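Visitor: Attaching a single structure in structure tokens format; questions to follow.
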Amino acid sequence: MSEMNAQTGDRKTSPLGEAIVGRINALATISQDPGNLTRIFLTSEHRAAAELIMGWMREAGMNAHLDAIGNVCGRYEGERPRLPCLMLGSHYDTVRDAGKWDGPLGLITAISCVGDLNRRGRRLPFAIEVAGFADEEGVRFASTLLGSRAIAGTFKQSVLATRDSTGKSMREALIEFGLDPDHIGAAARIRGELLAYIELHIEQGPVLEAENLPIGVVTAIAGATRLAARLTGMAGHAGTVPMALRRDALTGAAECISKIEELCRADDAGLVGTVGYIDAAPGATNVIPGEAHFTMDIRAPTDDHRKRAVGEIVRQIEAIAKRRTLELQVEVTHENRTVPCAPWLKEQVAAAVAAEGYPVFELPSGAGHDGMAMVDIADVAMLFVRCRGGISHHPDEHVDMADADAGARVLLRLIENFRPQEAGG
Ligand code: GLV
Ligand code: MN
Ligand code: MN
């Protein structure tokens, strides 16, 4: 084990951690806005990031290509060609005004680990594939996990018709990017090709920091439901229509949003609800809004709990709309079940953590991850790296170099010691 600080359990920095942080910073320069980090699916920034990542993959001894949905896929052969693979990965799209670690940390760490094996001329009895998923966040279109769903073979053709905020459909955006929407099926992999899927990711919460630990073993990825609501009232003159006679869609939305917060706050078993997007039409200072749209993101530790909460939230906002004589349309735009990490894989993650000298600490993931889609073709495990202040989806998101290094060492050991599940096990 390398030198550690007895007080904090932190390592001194090492070349792996330094290289990872250097690449994180390089990738973070690819953004649609100069002042902040925003990298969205099927944009010129997506393409520039893909080129950079594929270059790193090739440097690490992998074959690399862009697949049918814009994922970057790298493959490092095992002791012989065409062996089944251990797949590692994470996403390289971001939310708007993002932090630079969410997604890229796992992808870059995986590439660095392969680079380390390659430098040592080490081949394993299985191939390693690294997937950089093109869209996990779902910022541009209503659906999320588009990259991993394409690889898992669960991409729904119907989402090609969804439109971004400029009115462009996913089908049109794919064509503009140079991809063929009718060939997304070509990205799909089948179960026998993958021995497992393992993802390293920034924790995005405060738990590891509170435990004073750089690494955690994930038990399960919590499910999520995303909904879109449209309230329709009556637009009108801001100066002439008395308050009692208005059918203001935006004040109706405001009441709905407060109700969602109230319901989630009243729950003491981990329910969280977020309205992260709202707009109103026609959108003028002196016009009563006739239409309002907002999104909802609802999560809970169990699927039952989340489903009950979604039902209650929809009932309550229907009642608000009715009382205000507004029409309400609610659509579920995305739903993901809770995905447990496979016990046999979790054991191997825990063994690698312990072998690197860290206490084995388990925690669930409240955030969504590509493993939620990958579970359809492979057993899934995750490790978390400590996040400063629990801050994520925010430019202040931060991982210390020593923690990035710790994550890389654990992942490298996990890869080198990886044993596929015994048949029937
Ligand atoms: C992804 O970051 C999610 O949990 O929404
Ligand atoms: Mn995210
Ligand atoms: Mn992420």
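The sequence shown begins at -1 in my numbering and counts up one residue at a time.
Just so it is clear, CB atoms sit at the ideal spot from N, CA and C, and this is done for glycine as well.
Being a predicted model, the structure only gives us computed values, none of them experimental.
Just verifying my parser: in three-state terms, what is the DSSP assignment at Arg407?
Guide: In the sequence shown, counting from the first residue as 1, residue 407 sits at position 409. Correct three-state label for Arg407: helix.
Visitor: If you check the beta carbons only, do Val239 and Phe382 fall under 8 Å apart?
Guide: Here residue 239 is taken as the residue at index 241 of the sequence shown, counted from 1. Here residue 382 is taken as the residue at index 384 of the sequence shown, counted from 1. No, Cβ-Cβ distance for Val239 and Phe382 is not below 8 Å.
Visitor: For Phe175, which residues from the same chain have a beta carbon less than 6 Å from its beta carbon, with the 5 sequence-adjacent residues on both sides left out?
Guide: What you label residue 175 is simply residue 177 of the sequence shown in a count that begins at 1. Excluding sequence neighbours, Phe175 sits near Leu40.
Visitor: With DSSP as the reference, label Gln202 as helix, strand or coil.
Guide: Translated into the one-based positions of the sequence shown, residue 202 becomes position 204. In this structure, Gln202 counts as coil in the three-state DSSP scheme.
Visitor: Does at least one heavy atom of ligand 2 sit under 7 Å from the Cβ of His396?
Guide: Along the sequence shown, one-based indexing puts residue 396 at 398. Checking the Cβ of His396 against ligand 2 gives no.
Visitor: For Leu343, collect the residues of the same chain with a Cβ closer than 6 Å to its Cβ; drop the 5 residues on either side in sequence, then sort them by chain order.
Guide: What you label residue 343 is simply residue 345 of the sequence shown in a count that begins at 1. Once the five neighbours on either side are set aside, the close Cβ partners of Leu343 are Ala194, Asp377 and Ala379.
Visitor: Determine which residues share a DSSP beta bridge with Ala48 and list them.
Guide: Here the question's residue 48 lines up with position 50 in the sequence shown. None; Ala48 has no bridge partner.
Visitor: Is there at least one non-hydrogen atom of ligand 1 closer than 7 Å to the beta-carbon of Ala365?
Guide: What you label residue 365 is simply residue 367 of the sequence shown in a count that begins at 1. Yes; taking the cut-off as 7 Å, the Cβ of Ala365 has a heavy atom of ligand 1 nearer than that.
Visitor: Is any heavy atom of ligand 5 found at a distance shorter than 7 Å from the C-beta of Glu197?
Guide: Annotation note on ligand 5: not contained in the displayed structure, which lists ligand 1, ligand 2 and ligand 3 as its ligands.
Visitor: Tell me whether His332 sits in a helix, a strand or coil according to DSSP, three-state version.
Guide: In the sequence shown, the residue the question calls residue 332 occupies position 334. It is a strand residue.
Visitor: Determine the direct distance from the alpha carbon of Asp301 to that of Asp335, and round the result to whole angstroms.
Guide: As a first step, residue 335 is located in the sequence shown; it is residue number 337 there, counting from the start. As a first step, residue 301 is located in the sequence shown; it is residue number 303 there, counting from the start. The residue you asked about is not Asp; residue 335 is Arg in the sequence shown. Near 6 Å, if we compare the C-alpha coordinates of Asp301 and Arg335.
Visitor: Inspect the beta-carbon positions of Gly15 and Ala402 and report whether they are closer than 8 Å.
Guide: Mapped onto the sequence shown, residue 15 falls at position 17. Mapped onto the sequence shown, residue 402 falls at position 404. The answer is yes: Cβ separation under 8 Å.
Visitor: Where are the beta strand (DSSP E) runs, 3 residues long or more, that stay fully inside the segment 14 to 88, in chain order?
Guide: 61 to 64 and 70 to 74
Visitor: Under the three-state reduction of DSSP, which class applies to Cys262: helix, strand or coil?
Guide: Locating residue 262 in the sequence shown gives position 264, counting from the first residue. Correct three-state label for Cys262: helix.
Visitor: With DSSP as the reference, please indicate the residues paired to Gln327 in a beta bridge.
Guide: Walking along the sequence shown from the start, residue 327 turns up at place 329. According to DSSP, residue pairing for Gln327 in a beta bridge involves Arg228.
Visitor: Please report the distance separating the alpha-carbon of Ser146 from that of Met232.
Guide: Counting from one through the sequence shown, the residue named residue 146 turns up at place 148. Counting from one through the sequence shown, the residue named residue 232 turns up at place 234. Looking at the two C-alpha atoms, the distance is approximately 41 Å.
Visitor: Could you give the first and the last residue of the continuous alpha helix (DSSP H) run that contains Gly309?
Guide: Working through the sequence shown from its first residue, we reach residue 309 at position 311. Unbroken alpha helix (DSSP H) run through Gly309: Asp301 to Arg321.
Visitor: Any heavy atom of ligand 1 closer than 7 Å to the Cβ of Glu135?
Guide: To locate residue 135, count along the sequence shown from 1; it is residue 137. Yes, the beta carbon of Glu135 sits closer than 7 Å to at least one heavy atom of ligand 1.
Visitor: Measure the C-alpha to C-alpha separation of Arg292 and Leu229 and round it to an integer number of angstroms.
Guide: Numbered from 1 along the sequence shown, position 294 holds the residue referred to as residue 292. Numbered from 1 along the sequence shown, position 231 holds the residue referred to as residue 229. According to the sequence displayed, residue 292 carries Phe and not Arg. Phe292 and Leu229 have their C-alpha atoms some 9 Å from each other.
Visitor: Could you check which residue in Thr142, Ala140, Glu77 and Val93 has the C-alpha nearest to that of Leu119?
Guide: Along the sequence shown, one-based indexing puts residue 119 at 121. For clarity, residue 119 is Gly in the given sequence; the question names Leu instead. When each option's Cα is compared against that of Gly119, the closest is Glu77.
Visitor: Count Cβ pairs between the segment 16 to 35 and the segment 123 to 137 that sit closer than 8 Å; are there 3 or more?
Guide: no
Visitor: Can you tell me whether Thr388 is helix, strand or coil according to DSSP?
Guide: As a first step, residue 388 is located in the sequence shown; it is residue number 390 there, counting from the start. The sequence shown places Gly at residue 388, rather than the Thr named in the question. Three-state DSSP puts Gly388 in a helix.
Visitor: Taking the continuous beta strand (DSSP E) assigned at Ile106, which residues delimit it?
Guide: Locating residue 106 in the sequence shown gives position 108, where the first residue counts as 1. Per DSSP, Ile106 is not a residue of any beta strand (DSSP E); the alpha helix (DSSP H) it occupies stretches across Pro102 to Arg117.
Visitor: Measure the C-alpha to C-alpha separation of Glu43 and Glu75 and round it to an integer number of angstroms.
Guide: The residue labelled residue 43 in the question sits at position 45 within the sequence shown. The residue labelled residue 75 in the question sits at position 77 within the sequence shown. If I take the Cα positions, the gap works out to 29 Å.
Visitor: Between Val408 and ligand 2, is there a pair consisting of the residue's CB and a ligand heavy atom that are separated by less than 7 Å?
Guide: Position 410 of the sequence shown, counting from 1, holds the residue named residue 408. No, Cβ of Val408 sits at least 7 Å from all heavy atoms of ligand 2.
Visitor: Which partner residues does Val216 have in the DSSP bridge list?
Guide: The residue labelled residue 216 in the question sits at position 218 within the sequence shown. Leu361.
Visitor: What are the boundary residues of the alpha helix (DSSP H) that Arg417 is part of?
Guide: Position 419 of the sequence shown, counting from 1, holds the residue named residue 417. Taken as a continuous stretch (DSSP letters only), Arg417 belongs to no alpha helix (DSSP H), as it is neither H nor E.
Visitor: Which class does Pro179 belong to by DSSP, given the choice of helix, strand or coil?
Guide: Here the question's residue 179 lines up with position 181 in the sequence shown. In this structure, Pro179 counts as helix in the three-state DSSP scheme.
Visitor: Shortest alpha-carbon distance to Ile38 belongs to which of Gly53, Ala227, Asp91 and Asn61?
Guide: Locating residue 38 in the sequence shown gives position 40, where the first residue counts as 1. Selected option, being the one with the closest Cα: Asp91.
Visitor: Can you tell me which of the three DSSP states Ile286 falls into?
Guide: Residue 286 sits at position 288 when you count from the first residue of the sequence shown. Strand at Ile286.
Visitor: For ligand 2, any of its heavy atoms closer than 7 Å to the Cβ of Val216?
Guide: Your numbering for residue 216 matches position 218 in the sequence shown. Every heavy atom of ligand 2 is 7 Å or more from the Cβ of Val216, so no.
Visitor: Under 8 Å, do Ile286 and Ala251 count as touching if we go by C-beta distance?
Guide: In the sequence shown, the residue the question calls residue 286 occupies position 288. In the sequence shown, the residue the question calls residue 251 occupies position 253. Taking 8 Å as the Cβ cut-off, Ile286 and Ala251 do not qualify as a contacting pair.
Visitor: In the DSSP assignment, what are the bridge partners of Thr293?
Guide: Taking the sequence shown and counting its residues from 1, the one referred to as residue 293 is at position 295. In DSSP, Thr293 forms a bridge with Ala226.
Visitor: Helix, strand or coil: how does DSSP classify Ser163 here?
Guide: Numbered from 1 along the sequence shown, position 165 holds the residue referred to as residue 163. Ser163: coil per DSSP, three-state reduction.
Visitor: Please list, in chain order, all residues with a C-beta atom less than 5 Å from at least one heavy atom of ligand 3.
Guide: Asp100 and Gly101
Visitor: Determine the DSSP secondary structure at Val347, reduced to helix, strand or coil.
Guide: Against the sequence shown, residue 347 aligns to sequence position 349. Three-state DSSP puts Val347 in a helix.
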